[in-house]
Structures are given as C-alpha cells and as structure tokens.
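Heads up: the structure comes next, in structure tokens.
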C-alpha cells in the first residue's frame, strides 16, 4: 500500500506462481499446491513465507536441491504411522501428501503420525495443521531446519528456528491455528529488516559469533525464544523429525559435511481424529465458549482486541482476498527477474 | 547446604513421603509412585516439584480434590489411543498408568496417545517422558492447568503455565529429556521468590491486573514465554488435553464456576516406538554424534559447559544421590507440621 509496494489480486499472484513453477518442471497439480501454500501465507500476513520465496524455490531447482518431478514415497507404512521420503520434492507437495496419509491413518487408528524426510522448504506449517483441523482432526506439525539460530550457552549457530504448529477444530477462528518459531524471531524477519535497514529490537538477533546485535546489517543468527527453552525445544524437534527418520540435518550442518551444506528439511505431522474422543458439536461448543471467555477479559491496551490463535490471519486473509496483496517493490523486482529468466511476461499476469 | 537448609538422604525423604501419603489413605504402591515422582524432581534440582509439594498434596486429600483411593479408569480404548479418567487420583499415579497404556498402544500400532483427564497436580512431566524414552519410546507430554498466567493482550489471568516435555532415546544424557513451562517462569519460582524476598528479574511476573512487577510480594501472575507465543501455546495445550477430553479447565476457571474453583489438571501423553522407524543402534549413534557436535561449539561464557536437555538434571541427581538433598528450612517446617498432623515422628526418618 505504500509507494514502495504494488497491490495485486491474489488470483493473479497464484496464477503467476503456478506457471513459474510449472516452467521449472513441476506438474500442474504440484505447482498449484506450492502456489496455494505460498499464497496462504501471503493472504494471512506472513509475507516471509509467501511469494517472496518463489525465486528461492526456483533457485533450489537450479541447484538440484529441489526435484520438481519428485513423488513422495511411502517407505514405512504401519497401522498408525508412516514415513514419507520426499525425494527432494517441494515442501508443500510433500506436506500435503502427508496430510492425506495422516488422515488415512487417523481414520483407522484414531491417531496418525507421518514422518516426512528430505523435503525442501516446508512453507507455513499452519497451512497443513489448518487443513487437518478443517476436516475434524487435531493436528501437530514440527519442522527441522538448518541451523541459523544460537544454541543457548554457545557462541555460534547450533539450532534451527524449527517451528511448531498446532490446530484444533472449533473456536473463535474455526479452527484455531497456532504457529510459532522456536526463535525469538524468524530468519525471514531478519532478512526483511536487512532490506529495510530498520533497527531490530534487543533480544532478537546476534552476529556470527553469538554477540547480541540490533543493527540488522550485523545480524546473522536468530536468538532462541527464552534462551535455553527455545534452543532445547528446537533440538527436540530435530530429534523427532530428523533422527527418527535417520536423516540428521543439524549434525551434518555442524560438521560441515557436503550434505550439511545443502538445503533440506524434515517434518513430523500428527493427526488426531477428534470425533473418537469427544462429540464434534461439544468440541465446537467448548472452543466457542473459551473464545468468548478470553475475548471478555479486560484488554491490556484499550482498543486492542484480545486475539486467539488464527483470528488475525483469518481477518487478514478475508481483507486481502477482497483488496488484493501489497507486494513490496523488492519482491516485485524478484518476480520480474524470475519471469524474464523463464521467458514469461509478468506484466501480463498483473493486468 | 546453607544454614537455612538441612541435608537429608534421598531415601529418608522417599520413605517419609511414602508413609505420609499412605497415612492419607493411599495404597503402598500408589504412595511409592507419588514419592518417586516428587524425589525425581528434587534429585534433579527442580525443588518446586519435589517434597515441597507433599503438604499441598495432602491438603488436596483433605479438601476432597484428590481421592487417594481412586483407580484411573480406561474410558476410551482404541487401536492407537485411550482416554484415562483419573477420577481425581494423584497426578503421578494417573500419569504412570498412562505411561503403561501409551507403551501398550505404541507396541501394537507404532504410536500410542493417551488423554488423562481429571487428575490432580501432575508433577514434573519429564519424569514420564524419560520413563518412556528409557524403554525405547520417543515421548511428548502436555499438561493443562488452572490459569495463573497472563493471556497476551489481556490485563488478567487467562492461561495456565501449561508445560510441555519431550524425550527421545539416545544422546548425551541418555535419554535427552526436555521440559519447559509455557510461562516466562513457573508459579513455583514466584512462590520461592516470595518466601525469600528476592527481587524478580524483569519480564517474569505481573500483578493481578497484569502490570509487570519485579517485587515478589506484588507478583500474582506469570508472564507468558515470548508474549503471544507462550500464551498461544498454552491455549493449544488446553484444547488438546482438556477439550479433547470434554473436560475444560480454563473456561470453568474464567467463568468462576464451582468446578472452576477446584484444583484439577488434564494431560496428553504420546509415545512413539522408535524401533519401528530407525534401528535403535543408529538412533543412539545419531544422538551421541549430535551431542558431541553441540559440546564442541565455542562456549558463550568461558568455563560454562554447553548443556543438552537432561544433562544438568542427570548430574544433579547423581550428586544428590551421593550427598543428599538440601531441604530448605521452610520445607522442613512444613514436613514437621505434616508429620505432627498425621501422628508421625519426622525426626525418626531423618536419623
């Protein structure tokens, strides 16, 4: 909305992203899946995980880190769980496949867990837990990433900003969707601050030797959320998502092995068939009742509403579906360059 | 070790706690289970969840909030999950029963989830995840509690300090055990500061109207870890552990219903049979390798070791098993008063 951004319809960006990914060799269905996940984030106000990632995803294809034609393979198949080897498929393709498998398992066994190994950038985790919760499943998603976070007590990177998302059917936002990084902030926010030159709040970032900084030009590492809590939780996500798959990310990166220098991620997705434990109508009623109770609390700041997980994103998405998405100039430039490299005419999409 | 504490053998405290709980009507086996969980925390340096809770637990019996004779009942029994109604049994009794059920399910289905509803104070969550990890299961435990924490954006209590624990076999501490509250600190730490009069660090606590305080006499509420992150994660734990059981804690408390004024907790325990996904020898090797990598990072403070989840607790427990437990004078007074009320001679245990 500022002079340095261009407002575009969501559908135009979705079509552009789909076509660009298809031009990189992805099937139409997979390209649409990735575009949907990117736009899911943009629409909800999480620009760090939206079309600003499109050029990066295409770069992963060029480097051979993302195989646009890979089909996630079910390498372990058990009564209540499975492991998918993504074979370097795009994260959203692998995760949407995992959503289907987790539901299939949970329908039979009440609980379904899917390990997803060897994906690329997973995208906004809340997209997958929300997809499950909308179909009646409570969901937990964990994602293990490369270490760009300080390990508490160390003067160097030793943890990923490994996110966690939880969604449960029913409530104010229906479903309530929670999504957080184990860092005090995200790498995407550091990158945005670097581009804009805006000072960082204290407690968010450190330089490459772990010294706290507020100058975004010096910021290299994210500080862990709450010190030992954030880096400990991040470590346990690596153990669950990566070690249970036999596919370590952190050890390879810290040892600077050839594999450790590549981009790859692992995830764990858990689905719980709520209807096996509580009547759906009661679950919805409990969520709505609690939302009312929390909204009725005295607000900390007059005029600022008390928000439940997912509420702000729902409101932002509704507004942007109507008004369009404000794409920062720097991202517009990246999309234009990407289009040129693919022989596409980006302007034809924005009309 | 200071003048205001008394050092006692772990076994003496365990015997005393067991006998006191048996005197309140608990079976010998259940009393020993609760005493073990309390001493597990004390031995690992988590005094807020140790014998300092014994008088409180006995008080719950007097108020009818803890039924010392209750037997947790399996009210839902599915291929990969179960729900235990604890019928107000002591938290450790219900949780140790849940550990057995989660293992039974995970052995068959690869994953086992147990909802535990209507327990009393759950104790240190890490005790249960460690018990599972020692037998080869990765474990996640969540616990929903009464709201003594600020909900981010509100000027009043609106969240529990709902803890989360994760343990995975293999590693430096074997198993690695992670345990955190979703608060910036715990209610137990606030109570300790109130007793000692020590000023609180900024960002930990608030008064009853949500205004940040450092004077422990004014501290009534815990601030959420990382603002919206801590209170959002806490809320999702209430949804998973309480709403899936149809047993809301937070809504009842916020509405000040008669039930909402009583003490009760709910938990969710997840066990994953690691051997179904990765060879145990490889899992152990991956954990040890990562522990070495993290220990080899440059330390933030010279001479301060870089610690992995569970390492400090393991070391503290080994030391205390050898040297005994330093029981603060105020806790010694409580134990003496409890003994007197039960017709026990506490001094005979300490000899």
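Protein chains in written order, with my numbering: chain B, 1105 to 1455; chain P, 1105 to 1455. Quick reminder that beta carbons are idealized off the backbone N, C-alpha and C, glycines included.
Can you name the residues that DSSP bridges to residue i?
i, result
"residue 1369 of chain B", "B/1223"
"residue 1270 of chain P", "P/1244, P/1282"
"residue 1330 of chain P", "Answer is none; residue 1330 of chain P lacks a bridge partner."
"residue 1109 of chain P", "P/1432"
"residue 1182 of chain P", "P/1185"
"residue 1216 of chain B", "B/1375"
"residue 1340 of chain P", "In DSSP, residue 1340 of chain P forms no bridge with anything."
"residue 1177 of chain B", "B/1189"
"residue 1258 of chain P", "B/1403"
Under DSSP, the beta strand (DSSP E) around residue i begins and ends at which residues?
i, result
"residue 1185 of chain B", "1185-1189"
"residue 1262 of chain P", "1261-1263"
"residue 1344 of chain P", "Looking at the DSSP string, residue 1344 of chain P is not in any beta strand (DSSP E), and its letter there is neither H nor E."
"residue 1424 of chain P", "Segment 1415-1427 is the alpha helix (DSSP H) holding residue 1424 of chain P; no beta strand (DSSP E) there."
Can you confirm whether residue i, when its beta carbon is compared against all beta carbons of chain B, has any partner nearer than 9 Å?
i, result
"residue 1105 of chain P", "Because residue 1105 of chain P carries a pLDDT of 42, less than 50, the predicted location of this residue cannot be relied on, and no value is offered for it."
"residue 1252 of chain P", "no"
"residue 1274 of chain P", "yes"
"residue 1393 of chain P", "yes"
"residue 1424 of chain P", "no"
"residue 1349 of chain P", "yes"
"residue 1255 of chain P", "yes"
"residue 1329 of chain P", "yes"
"residue 1306 of chain P", "no"
"residue 1187 of chain P", "yes"
"residue 1166 of chain P", "no"
"residue 1162 of chain P", "no"
"residue 1123 of chain P", "no"
"residue 1214 of chain P", "yes"
"residue 1207 of chain P", "no"
Does chain P have any CB closer than 9 Å to the CB of residue i?
i, result
"residue 1342 of chain B", "yes"
"residue 1421 of chain B", "no"
"residue 1236 of chain B", "no"
"residue 1128 of chain B", "no"
"residue 1204 of chain B", "no"
"residue 1411 of chain B", "yes"
"residue 1446 of chain B", "no"
"residue 1116 of chain B", "no"
"residue 1333 of chain B", "yes"
"residue 1278 of chain B", "no"
"residue 1240 of chain B", "no"
"residue 1418 of chain B", "no"
"residue 1397 of chain B", "yes"
Under 9 Å between the Cβ atoms of residue i and residue j?
i, j, result
"residue 1412 of chain P", "residue 1358 of chain B", "no"
"residue 1270 of chain B", "residue 1281 of chain B", "yes"
"residue 1327 of chain B", "residue 1287 of chain B", "yes"
"residue 1429 of chain B", "residue 1117 of chain B", "yes"
"residue 1112 of chain B", "residue 1329 of chain P", "no"
"residue 1220 of chain B", "residue 1435 of chain B", "no"
"residue 1373 of chain B", "residue 1145 of chain B", "no"
"residue 1394 of chain B", "residue 1342 of chain P", "yes"
"residue 1371 of chain B", "residue 1226 of chain B", "yes"
"residue 1149 of chain P", "residue 1420 of chain P", "yes"
"residue 1441 of chain P", "residue 1449 of chain P", "no"
"residue 1243 of chain P", "residue 1237 of chain P", "yes"
"residue 1292 of chain P", "residue 1152 of chain P", "yes"
"residue 1114 of chain B", "residue 1425 of chain B", "yes"
"residue 1336 of chain B", "residue 1259 of chain B", "no"
Going by DSSP, what residue range makes up the alpha helix (DSSP H) through residue i?
i, result
"residue 1295 of chain P", "1291-1300"
"residue 1203 of chain P", "1195-1213"
"residue 1321 of chain B", "Taken as a continuous stretch (DSSP letters only), residue 1321 of chain B belongs to no alpha helix (DSSP H), as it is neither H nor E."
"residue 1452 of chain P", "1450-1454"
"residue 1140 of chain P", "1132-1147"
"residue 1160 of chain B", "1158-1167"
"residue 1396 of chain P", "1384-1399"
"residue 1456 of chain P", "Outside the displayed span of chain P (1105 to 1455) sits residue 1456 of chain P, for which this structure offers no information."
"residue 1304 of chain P", "Looking at the DSSP string, residue 1304 of chain P is not in any alpha helix (DSSP H), and its letter there is neither H nor E."
"residue 1233 of chain P", "1230-1238"
Does any heavy atom of the ligand FAD sit closer than 8 Å to the C-beta of residue i?
i, result
"residue 1170 of chain B", "The model depicted lacks the ligand FAD and carries no ligand whatsoever."
Could you tell me whether the segment 1233-1252 of chain P touches the segment 1352-1361 of chain P, using the rule of 3 or more Cβ pairs below 8 Å?
Contact holds: three or more Cβ-Cβ distances are below 8 Å.
Would you check if there are 3 or more beta carbon pairs closer than 8 Å linking the segment 1297-1309 of chain B to the segment 1319-1337 of chain B?
yes
Does the segment 1120-1131 of chain B touch the segment 1163-1178 of chain B, meaning 3 or more C-beta pairs lie closer than 8 Å?
yes
Examine the Cβ distances between the segment 1199-1218 of chain B and the segment 1176-1195 of chain P and report whether three or more of them are shorter than 8 Å.
In short, these stretches touch, since the Cβ pair count reaches three.
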